[in-house]
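S.K.: Counted the way mature numbering (1 follows the signal peptide of the UniProt record, and there is no 0) counts, the sequence shown spans residues -18 to -1, 1 to 248.
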Amino acid sequence: MKASALFLLAAAAGPALAADYVGIVHARHKLALSLPVTGVVAKVAVEPGQKVGAGQALIQLDDRPQALEEARRRTQVEDQSELRATEERLKVVQPLAEDARKLAASRGALSREDAARNELDFIATRGRLAQLQVQKAREKLELQLAEADRQQRRLTAPVAGVVTKVGIDVGEWAKPGDTLVELVDASVLHLRVNLPAAVARKLKDGQALPVSIDGGDTVNGNVSLISPVTDAASGLVEVRVRFTNTGGRIAAGSKGIVKLDGGAAK
């Protein structure tokens, strides 16, 4: 075999040159928050640029009618007077009914009418107690519904992050589904990059990969997704590299670069 042919075969079998692949950095959460009910804004508790924790209040609608209904339902639940009185009555009439049965069984000791009267009193008291217990269970459910209805008028942060936009002010009318607050959690970022299928399939889930950020920073990331789908038109596969945004230095939307063996530069 000629030397030139051997050289070509060796070059074909050798490792491919490293190439830079460019993608866009995305935040872990970028949320447009809204409320499921309509109402007048009573309080705006945040402003753009403010850091918030998960569960922190952001927007409060006027909920005075709902607060009154919740208080009414709670008063009903806490009123146990009739239930307790019926429980005490049952403690009295039950042994009387039992004694009446014994006496009625003895000839001439107690009339059938008196025995039946005691038995009916016991049955009625026991039935009333069961009715009150069901009523109290229903009142607790109605209280929970009233609490949930009031809670729907309070917008809270589902995750920790930074408020990037507040789209409403005190006194304005909020509609269901309207974006009131935009919230971004950029504590963890991921680079989305499209790679040739042959290159992507060489990667492994969790594999460490350095990411160079457009601007100079280089961070250590890990592969968090290798899409099982190859785009039919381009032959590319989406890969995500996840990394911690220490100190919040890196902005979502920045360009990021990974250097990998195989394929042409993108």
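Backbone N, C-alpha and C fix where the C-beta goes; we use that ideal spot for every residue, glycine too. On a predicted model such as this, the values are computed, not experimentally measured, just so you know.
Could you check whether alanine 24 and aspartate 44 sit closer than 9 Å to each other, using their CB atoms as the reference points?
M.R.: Locating residue 44 in the sequence shown gives position 62, where the first residue counts as 1. Locating residue 24 in the sequence shown gives position 42, where the first residue counts as 1. Closer than 9 Å, so yes.
S.K.: Run through the DSSP bridge pairs and tell me what threonine 138 is partnered with.
M.R.: The residue you call residue 138 lines up with position 156 of the sequence shown. Answer is Ala39, bridged to threonine 138.
S.K.: Once the 5 residues before and after glutamine 115 are set aside, which same chain residues still bring their CB inside 8 Å of it?
M.R.: Locating residue 115 in the sequence shown gives position 133, where the first residue counts as 1. Here the set comprises Leu65.
S.K.: With a threshold of 7 Å on Cβ separation, who are the neighbours of arginine 108 within its own chain once the five nearest residues in sequence on each side are excluded?
M.R.: Indexing the sequence shown from 1 puts residue 108 at position 126. So the qualifying residues of the chain are Leu72.
S.K.: Counting beta carbon pairs with one atom in the stretch 45 to 64 and one in the stretch 195 to 213, are three or more of them shorter than 8 Å?
M.R.: Verdict: no, contact absent.
S.K.: Which residues does DSSP list as the beta-bridge partners of lysine 184?
M.R.: In the sequence shown, counting from the first residue as 1, residue 184 sits at position 202. Partner(s): none; lysine 184 has no beta bridge.
S.K.: Could you name the residues of the same chain whose beta carbon sits closer than 7 Å to that of asparagine 202, not counting the 5 residues immediately before and after it, in chain order?
M.R.: Against the sequence shown, residue 202 aligns to sequence position 220. Here the set comprises Ala190, Pro192, Phe225.
S.K.: Between Gln48, Arg222, Val26, Leu40, which has its C-alpha nearest glutamine 126's C-alpha?
M.R.: The residue labelled residue 126 in the question sits at position 144 within the sequence shown. The shortest Cα separation from glutamine 126 among Gln48, Arg222, Val26, Leu40 belongs to Gln48.
S.K.: Assuming the contact rule is C-beta atoms closer than 8 Å, threonine 161 and alanine 14 should be a hit. Round their C-beta distance to whole Å, please.
M.R.: Along the sequence shown, one-based indexing puts residue 161 at 179. Along the sequence shown, one-based indexing puts residue 14 at 32. Yes, threonine 161 and alanine 14 are in contact; Cβ-Cβ is about 4 Å, under 8 Å.
S.K.: Glycine 153: which of Gly217, Val163, Val22 sits nearest, CA to CA?
M.R.: As a working note, residue 153 is residue 171 in the sequence shown. Per the Cα distances, Val22.
S.K.: Spatial neighbours of leucine 207 within its chain, please: CB distance less than 6 Å, with the 5 preceding and 5 following residues excluded, ordered by chain position.
M.R.: Here residue 207 refers to the residue found at position 225 when the sequence shown is read from its first residue. Arg222.
S.K.: Which residues does DSSP list as the beta-bridge partners of aspartate 160?
M.R.: Position 178 of the sequence shown, counted from the first residue, corresponds to residue 160. According to DSSP, aspartate 160 bridges with nothing at all.
S.K.: Ends of the beta strand (DSSP E) at proline 210?
M.R.: Within the sequence shown, the letter at position 228 stands for residue 210. Taken as a continuous stretch (DSSP letters only), the beta strand (DSSP E) holding proline 210 covers 200 to 212.
S.K.: For residue 318, which of helix, strand or coil comes out of DSSP?
M.R.: Look at the range of the chain in this structure, -18 to 248, and you will see that residue 318 is not part of it.
S.K.: DSSP puts lysine 147 in a beta bridge; with which residues?
M.R.: Within the sequence shown, residue 147 is the residue found at index 165, counting from 1. According to DSSP, which records beta bridges pairwise, lysine 147 is partnered with Glu164.
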